[in-house]
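Student:
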Amino acid sequence: MESLEAIRFSRNGDSASLALLEQRLLPLQTQWIQIDGPKAAWNAIYDMTVRGAPAIAIAAALSLAVDLVNNGGGAQFDSPAVAAAHVIEQMDFLVTSRPTAVNLSIAATALKGLAEREARAAGATATSVTGAVVGACQAMLADDVAANKSMGRHGSYALLAASQARGRASSGRVSVLTHCNTGSLATAAYGTALGVIRALHEQGRLEHAYCCETRPYNQGARLTAYELVHDGIPSTLICDSAAAALMAAGKVDAVVVGADRIAANGDTANKIGTYCHAVAAHHHDIPFFVAAPTTTLDPDLDNGTFIPIEERSPEEVTHFKGQRVAADIPVWNPSFDVTPAPLIEGIITERGLVPRAAGSASNSFAVRSWLA
Ligand code: MRU
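All the letters of the sequence shown, read from the start, carry residue numbers 1 to 372 under the UniProt record's numbering.
1. Can the beta-carbon of residue 260 be found closer than 9 angstroms to that of residue 286?
2. Any heavy atom of the ligand MRU within a distance shorter than 8 angstroms of the CB on residue 420?
3. Consider the C-beta atom of residue 215 and the heavy atoms of the ligand MRU; say whether any pair is separated by less than 8 angstroms.
4. Do residue 144 and residue 75 count as a contact pair if the criterion is CB distance below 9 angstroms?
5. Tell me where the beta strand (DSSP E) around residue 32 begins and ends.
6. Under 6 angstroms Cβ to Cβ from residue 345, same chain only, skipping five residues before and after it: list those, please.
7. Less than 9 angstroms separating the beta-carbons of residue 54 and residue 103?
8. Assign residue 29 to one of two classes, buried (16 or more other C-beta atoms within 10 Å of its C-beta) or exposed (fewer than that).
9. Assign residue 84 to buried or exposed, taking buried as 16 or more other Cβ atoms, counted over all protein chains shown, within 10 Å of its Cβ.
10. Using only alpha-carbon positions, find the residue among 4, 96, 187, 176 that is nearest to residue 412.
11. State whether the stretch 307-319 contacts the stretch 117-127, with contact taken as three or more CB pairs (one from each stretch) at a distance under 8 angstroms.
12. Give me the residue from 199, 154, 170 with the minimum Cα distance to residue 209.
13. Taking the alpha carbon of residue 255 as the point to measure from, which residue in 211, 223, 218, 365 has its own alpha carbon closest?
14. Quick one: does the C-beta of residue 361 sit closer than 8 angstroms to a heavy atom of the ligand MRU?
15. Grab me the residues of residue 129's own chain with a C-beta within less than 7 angstroms of its C-beta, minus the 5 sequence neighbours each way, in chain order.
16. Where residue 281 and residue 178 are concerned, what is the direct C-alpha to C-alpha distance, given to the nearest angstrom?
17. May I ask which residues mark the beginning and end of the beta strand (DSSP E) holding residue 270?
18. Pick out whichever of 237, 330, 246, 311 has its Cα sitting closest to the Cα of residue 284.
19. Please tell me whether, using a cut-off of 8 angstroms, the distance from the CB of residue 48 to the nearest non-hydrogen atom of the ligand MRU is below it.
20. Residues in the same chain with beta-carbon distance under 6 angstroms from residue 107, minus the five sequence neighbours each way, listed in chain order, please.
21. Please go through the same chain and pick out, in chain order, the residues whose beta-carbon is closer than 6 angstroms to the beta-carbon of residue 342, but skip the five residues on each side of it.
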């Protein structure tokens, strides 16, 4: 089966190209947008042509790679220090595109640090700086897929074990609910939470997947449903507000969602509506998991109250395809919410599950010490 992808990067010597799938048109149209550098990538991230925490970071980094390669590599800079300064300036600009997902800012810190170290290395040239940065950007695609496959393996065992520990999934197959889109369209490929569902399906351990439509932007109805149908995974689309009723009907053995930023105690920012599912899952004693690469962990923030929450345009709520469908009323449209750590059964990463904190803090997670 041909794998879905949202980011296409290719390089041939001194020329590189980056194309992003125009996700705002899915599932009705497939259109690719050429990205010639950081400005175009900033717009594509802000407008949500590309979205999903890992995909945002990868698209931004590759836009810098395209900019560096197509403008002559190191030859455009007078010195290694000037080349490093350009990398820093462009990455600082790109991180201003969307505030909640931390993956982009972690990638920016890594690329800026790499450029600075390369510029200081003995015998450094502007070309050695740009070469190292472009190499690191290109590696992000393959690294992300490997991380997602690993998360899929860890997550599939964790979901099944936690469901069975609660007397669910006695057939050896789990029914899983997910929110938003965390699949191939939100990453380099395969996905995080949707990667866990893919892994369960590949192992014959998935009974059924339920995807929530994810109002107001409909990433679930438009994107996750598209991915599930593409892969032939047994699945059903529900309204966000039907999730608790589905749980009450005994149809859900586990919930798995992605994340945009996970604070040091495990509090998790993810698409608006995630918190509602966590509360409902807790009420029904259903294990609620978060799946995210370690690049979504933010050890610098003590807890979720410090996570910046993006608020998007009222039109996303009041309009549908440019047509007003709501009365003319003020709107609050936070794009994300924060699920408190005590509602989370486990945080699945490519390195395995994040351990719980010790002693009286055991309803939170030891992100900081685990990453150190
Ligand atoms: O606004 P979006 O579509 O970028 O929000 C995406 C999510 O909330 C995802 O769950 C999260 O980024 C993880 S994607 C692997």
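Beta carbons: idealized from backbone N, C-alpha and C, even for Gly.
Tutor: Inspection of the coordinates gives the following:
1. Taking 9 angstroms as the cut-off, the beta carbon of residue 260 is found no closer than this to the beta carbon of residue 286.
2. This structure cannot speak to residue 420, because the chain is shown only from 1 to 372.
3. If you check the C-beta of residue 215 against the ligand MRU, you find no heavy atom less than 8 angstroms away.
4. Not closer than 9 angstroms, so no.
5. Per DSSP, the unbroken beta strand (DSSP E) holding residue 32 starts and ends at 32-35.
6. The residues are 162, 287, 288, 289.
7. Taking C-beta atoms as the reference points, residue 54 and residue 103 count as a pair closer than 9 angstroms.
8. Residue environment: residue 29 is assigned as exposed (fewer than 16 neighbouring CB atoms within 10 Å of its CB, all protein chains considered).
9. Residue 84 should be labelled buried.
10. In the structure as shown, the chain starts at 1 and stops at 372, and residue 412 therefore has no counterpart that could be examined.
11. The stretch 307-319 and the stretch 117-127 do not touch, with fewer than 3 CB-CB distances between them shorter than 8 angstroms.
12. Looking at the Cα atoms, 199 is the closest of the given residues.
13. With distances taken between Cα atoms, residue 255 lies closest to 211.
14. Every heavy atom of the ligand MRU is 8 angstroms or more from the Cβ of residue 361, so no.
15. Same-chain partners within the cutoff: 74, 80, 83, 84, 115, 118, 119.
16. The alpha-carbon atoms of residue 281 and residue 178 are separated by roughly 12 angstroms.
17. Segment 268-271, the beta strand (DSSP E) holding residue 270.
18. The candidate whose alpha carbon is nearest that of residue 284 is 246.
19. Residue 48 Cβ: within cutoff of the ligand MRU.
20. Residues 57, 61 of the same chain have their beta carbon placed closer than 6 angstroms to that of residue 107, with the five preceding and five following residues left out of the count.
21. If we look at residue 342 and ignore the five residues flanking it on each side, its Cβ neighbours are 363.
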